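Have a look at the structure below before the remarks.
Residue numbers (the working numbering): -10 to 252.
What follows is the structure, encoded as structure tokens:
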């Protein structure tokens, strides 16, 4: 059982939905980013999705693209991201951390070395959006062998023929992308999402978590009510980008978590 599995089992026993929060590692700098990360569990976050800054983030909208640029300009690297996870783990051994990013930095590091460093740092799962199932031997299967969950994205365009391929080596949870397009581009609608979650759950026992287009406590509640939980990213990153204090950012996150947990 991974930390991710343990978290979903605990939430299920409490009859609660999961709240996942995304932040970009190193945005706007390491110290502030780590301070926000360390405060997320206390704000009600069940799983932390930590973005690895990359120069060509094809799945991300302007808000997260700019966060990645800020982090890179501040000197953020893969090594510093892993150190950020280690620093977090020194005070929190329980909250799962999913590293979300793109394959290029991992490829450049070397898969075996990266997986050794990631597991040692305390990462629990990976979302690598530009590696399709056809490339599972590249990273997915080695990650699973190393004890990391490999979390795949399903989308509104993942049809009945494609879905089994997407699910075949997925573990931890399935991330359902609620809208067609990039992060932060449109609002998720529970009426559209619900039937899609039901369709996916007919093919897997894994939890289905919905992300993209969720930016208010009301939306978090509505989407979580038709899934096993929800992810909020751009709305949190936007709060950070305005220069608000760590306390104010975490207070906003707490309202989102409360929304999801009330579903």
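A virtual CB, placed ideally from N, CA and C, is assigned to each residue, including glycine.
Just so it is clear, the structure is predicted and the values come from calculations on it, not from any experiment.
List the DSSP bridge partners of residue 198. 164
First and last residue of the alpha helix (DSSP H) that includes residue 26? 19 to 28
In terms of residue numbering, what span does the beta strand (DSSP E) encompassing residue 99 cover? First-last for residue 99: undefined, no H or E at that position.
Let me know if residue 82 comes out buried or exposed under the rule of 16 or more other beta-carbons within 10 Å of its beta-carbon. Residue 82 sits exposed, since fewer than 16 C-beta atoms from the chains shown fall within 10 Å of its C-beta.
Any idea if residue 54 is buried or exposed, counting beta-carbon neighbours within 10 angstroms, 16 or more meaning buried? buried
Helix, strand or coil at residue 43 according to DSSP, with G and I counted as helix: coil
Determine, using beta-carbon pairs with one atom in the region 6 to 17 and one in the region 28 to 41, whether at least three such pairs fall under 8 Å. yes
Relative to the C-alpha of residue 97, which candidate in 66, 79 and 113 has its C-alpha closest? 66
I want to know whether the region 83 to 92 touches the region -10 to -1 - three or more CB-CB distances under 8 Å. yes
Quick one: grab the DSSP three-state call for residue 128. coil
Would you say residue 236 faces chain D, with C-beta separation under 9 Å as the test? In the displayed structure, chain D is absent; only one protein chain is listed.
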